[in-house]
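Going by my numbering, the residue at position 19 of the sequence shown is 22; the numbering climbs one at a time, nothing skipped. From the three backbone atoms N, C-alpha and C, an ideal C-beta is built for every residue, glycine too. Bear in mind that the values here come from a model prediction, so they are computed numbers and not experimental data. The structure appears below as structure tokens.
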Amino acid sequence: MTSITNYDVRVNDTSILIDCANSIPREMFDQFEYPLFSDTQLRNDFIASTSVFVSHESNVIISVTAGSKLKAFTLMEYLQFDSEIFGFNVYRITKIYIGGKDASENSLLLGLLLSEITKQVRNKHIKYLVTAINSNNSNQATLLNFLLGNRFRFINTLISFKMTKDEYKGVYLYQPKTKDIFVRKATYQDSEAIVNLAAKSYKINRYHLDPALDRDACDRLHATSVYNALMNGFADMVIVAEYQGNVVGYYTAKKKYYPELEVVFGHGLLTAVDESVRGLGIYSQMNNNILKWYSEHTDIAEMGTYVNNIPIHKTFTNNGLSIIRCVHQLSFKPLQ
């Protein structure tokens, strides 16, 4: 049996970053699912993004070493926007790596990480902590079973679909069900309509599905997010759908260039359709417009929906988009 005294647990030891990048497997890097990216590109992207991560003093790195060998680490990111909305400290665990030689050692390593995470929750007065486990991670079952057995609760599973620029020509685009739907780029004058829509539209998401969070604050978070997307430039594209002269839907999207990967990624952000006019194909028409925008401005685009959001799941599937990953979302239950 491996003794716990053989391990050294450290907090915010930034000297491990290069060691992390050189020792962890490909599946720990963001976007590892895309074969067009080499291991070197992914490693360099990890170093660049983690260097930005550690520049924020509120963020936390926890590492576990045995001698000179890195055995495990996790990253805890402070979510300023969420914290301001909910009125307490909100953090997200963005990475969990365990590199034990067998299941027994991995369990021990997770115990060491969780012990230090719990200390950080207490010391930083963290009232809400979330994480997401990638289904493509070979250790997903180990991570899920351990976390769910140690004060984490399951929220939902988010499915991400992807489309490359070259795949756009093969995508099926829905034909309008009615001529009364008009999709256009949003203007500042649409802000009130989409903010009001955002405040009442969301039920299936990791915020509203978690009983630990206040529902009014969840509504306010989405309303503020879509306001920022349109009015403060937090999104690169905001479109709205009009039906019989009224704004009844919106879709926001963002693009970002990753120099180490040499690509522009597009990401779907927020979208909603007024409940009173669902089933008319309004979302499908907005999605047609966003897919076209992705094809013109990005190399790869990803759009997500929850596994139980059947209408959106069906839309993406019928578009011909392919699933790139699923992530299981969990939240931590701090002791009161």
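Worksheet entry | Contact belief for Ile-2 with Tyr-254 at Cβ below 8 Å, rounded distance in angstroms | Only positions 4 to 339 of the chain appear in the structure, and residue 2 is not among them; the question remains open.
Fill in: Classification of Ser-66 by the beta-carbon crowding that lies within 10 angstroms, buried from 16 upward
In the sequence shown, counting from the first residue as 1, residue 66 sits at position 63. Label assigned to Ser-66: buried.
Worksheet item: Could you give the C-beta distance for Leu-216 and Phe-56, rounded to a whole number, given that I count them as a contact under 8 Å?
Response: The residue given as residue 216 occupies position 213 in the sequence shown. The residue given as residue 56 occupies position 53 in the sequence shown. At roughly 25 Å, the Cβ-Cβ gap does not stay under 8 Å, so Leu-216 and Phe-56 are not in contact.
Worksheet item: Looking only at its own chain, which residues have a Cβ that is under 7 Å from the Cβ of Ala-69, when we skip the five neighbours before and after it?
Response: As a working mapping, residue 69 is identified with position 66 in the sequence shown. The answer, listed in chain order, is Asn-9 and Tyr-10.
Fill in: Closest residue to Ala-304 among Arg-13, Lys-336, Glu-87 and Tyr-37 (Cα-Cα distance)
For the purposes of this step, residue 304 is taken as residue 301 along the sequence shown, with counting starting at 1. Nearest of Arg-13, Lys-336, Glu-87 and Tyr-37 to Ala-304, Cα basis: Tyr-37.
Worksheet item: Would Ile-336 be called buried (16 or more neighbouring beta carbons within 10 Å of its own) or exposed?
Response: Position 333 of the sequence shown, counting from 1, holds the residue named residue 336. A small fix is needed here, since residue 336 is Lys in this sequence, not Ile. Under this definition Lys-336 is an exposed residue.
Fill in: Euclidean distance between Cα positions of His-225 and Lys-104
By one-based count along the sequence shown, residue 225 stands at place 222. By one-based count along the sequence shown, residue 104 stands at place 101. So the two alpha carbons sit approximately 43 Å from each other.
Item to complete: Could you tell me which residues DSSP pairs with Leu-216 in its beta bridges?
Response: As a first step, residue 216 is located in the sequence shown; it is residue number 213 there, counting from the start. According to DSSP, which records beta bridges pairwise, Leu-216 is partnered with nothing at all.
Item to complete: Report buried or exposed for Lys-180, applying the criterion of at least 16 other Cβ atoms within 10 angstroms of its Cβ.
Response: Numbered from its first residue, the sequence shown carries residue 180 at position 177. So Lys-180 ends up on the exposed side.
Worksheet item: How would you write the range of the alpha helix (DSSP H) that Met-289 sits in, first residue to last?
Response: Taking the first residue of the sequence shown as 1, we reach residue 289 at position 286. From DSSP, the alpha helix (DSSP H) with Met-289 extends over 285-300.
Worksheet item: Any idea if His-331 is buried or exposed, counting beta-carbon neighbours within 10 angstroms, 16 or more meaning buried?
Response: Looking up residue 331 in the sequence shown gives position 328. So His-331 ends up on the buried side.
Worksheet entry | Length of the line joining the Cα atoms of Gln-44 and Ile-184 | Position 41 of the sequence shown holds residue 44. Position 181 of the sequence shown holds residue 184. Rounded to whole angstroms, Gln-44 to Ile-184 spans 43 Å at the Cα level.
Worksheet item: By Cβ distance, which residues of its chain are closer than 6 Å to Leu-176, with the 5 residues on each side in sequence left out?
Response: What you label residue 176 is simply residue 173 of the sequence shown in a count that begins at 1. Taken in chain order, the residues that qualify are Asn-291.
Worksheet item: Exposed or buried, what is Ser-163 when buried is set at 16 or more other beta-carbons lying within 10 Å of its beta-carbon?
Response: Your numbering for residue 163 matches position 160 in the sequence shown. Buried is the call here.
Item to complete: Assess, as a yes-or-no matter, whether the stretch 15-25 is touched by the stretch 225-235 under the definition of 3 or more beta carbon pairs within less than 8 Å.
Response: no
Discussion item. What would DSSP say about Glu-60, mapped onto helix, strand or coil?
Written reply: Position 57 of the sequence shown holds residue 60. Here Glu-60 sits in coil by DSSP.
Discussion item. Do Thr-77 and Ala-106 count as a contact pair if the criterion is CB distance below 9 Å?
Written reply: For the purposes of this step, residue 106 is identified with residue 103 of the sequence shown, where counting begins at 1. For the purposes of this step, residue 77 is identified with residue 74 of the sequence shown, where counting begins at 1. No, the Cβ-Cβ distance between Ala-106 and Thr-77 is not below 9 Å.
Practice prompt. Go to His-316, then tell me how far its beta strand (DSSP E) extends in each direction, as first and last residue.
Written response: On the sequence shown, residue 316 is found 313 positions in, with the first residue counted as 1. Element bounds for His-316: not the beta strand (DSSP E) but the alpha helix (DSSP H), 313-322.
Worksheet item: Just the Cα atoms here: how many angstroms apart are Ser-41 and Leu-212?
Response: As a first step, residue 41 is located in the sequence shown; it is residue number 38 there, counting from the start. As a first step, residue 212 is located in the sequence shown; it is residue number 209 there, counting from the start. For Ser-41 and Leu-212, the distance between alpha carbons rounds to 37 Å.
Item to complete: Please look up how many angstroms separate the CB atoms of Phe-157 and Ser-110, rounded, as I've assumed it's under 8 Å.
Response: Along the sequence shown, read from residue 1 onward, the residue named residue 157 stands at position 154. Along the sequence shown, read from residue 1 onward, the residue named residue 110 stands at position 107. Between Ser-110 and Phe-157 the Cβ distance is about 19 Å, and since that is not below 8 Å, they are no contact.
Worksheet item: On the three-state DSSP scale, how would you describe Met-4?
Response: On the sequence shown, residue 4 is found 1 positions in, with the first residue counted as 1. The predicted model places Met-4 with a pLDDT of 40, which falls under 50 and marks its position as unreliable; any figure quoted below should be read in that light. In the structure shown, Met-4 sits in coil (DSSP, three-state: anything other than H, G, I, E or B).
Discussion item. For Thr-190 and Val-276, what's the separation of their Cα atoms in angstroms?
Written reply: The residue you call residue 190 lines up with position 187 of the sequence shown. The residue you call residue 276 lines up with position 273 of the sequence shown. When rounded, the distance between both Cα atoms is 17 Å.
Worksheet item: Using a Cβ-Cβ cut-off of 6 Å (strictly less than) and excluding sequence neighbours within five positions of Phe-32, which residues of its own chain qualify?
Response: Walking along the sequence shown from the start, residue 32 turns up at place 29. Once the five neighbours on either side are set aside, the close Cβ partners of Phe-32 are Leu-45 and Phe-49.
Discussion item. Beta-carbon within less than 8 Å of His-128's beta-carbon, same chain only, minus the 5 sequence neighbours each way: which residues are those?
Written reply: Here residue 128 is taken as the residue at index 125 of the sequence shown, counted from 1. Closer than 8 Å at Cβ, skipping near neighbours: Phe-91 and Asn-92.
Worksheet item: When you compare each of Leu-200, Asp-169, Cys-221 and Gly-282 to Asn-208 by their alpha carbons, which one comes out closest?
Response: Along the sequence shown, one-based indexing puts residue 208 at 205. Per the Cα distances, Cys-221.
Worksheet item: Is Leu-112 near Lys-168, with beta carbons less than 9 Å apart?
Response: Residue mapping note: residue 112 aligns to position 109 of the sequence shown, counting from 1. Residue mapping note: residue 168 aligns to position 165 of the sequence shown, counting from 1. No, the pair does not count as a contact, with Cβ atoms beyond the cut-off.
Discussion item. Between the alpha carbons of Asn-62 and Gly-248, how many angstroms are there, rounded?
Written reply: In the sequence shown, residue 62 corresponds to position 59, counting from 1. In the sequence shown, residue 248 corresponds to position 245, counting from 1. Spanning the two alpha carbons is a distance of roughly 46 Å.
Practice prompt. Kindly identify the DSSP beta-bridge partner or partners of Leu-73.
Written response: As a first step, residue 73 must be located in the sequence shown, where it is residue number 70. Beta-bridge pairing links Leu-73 to Thr-68.
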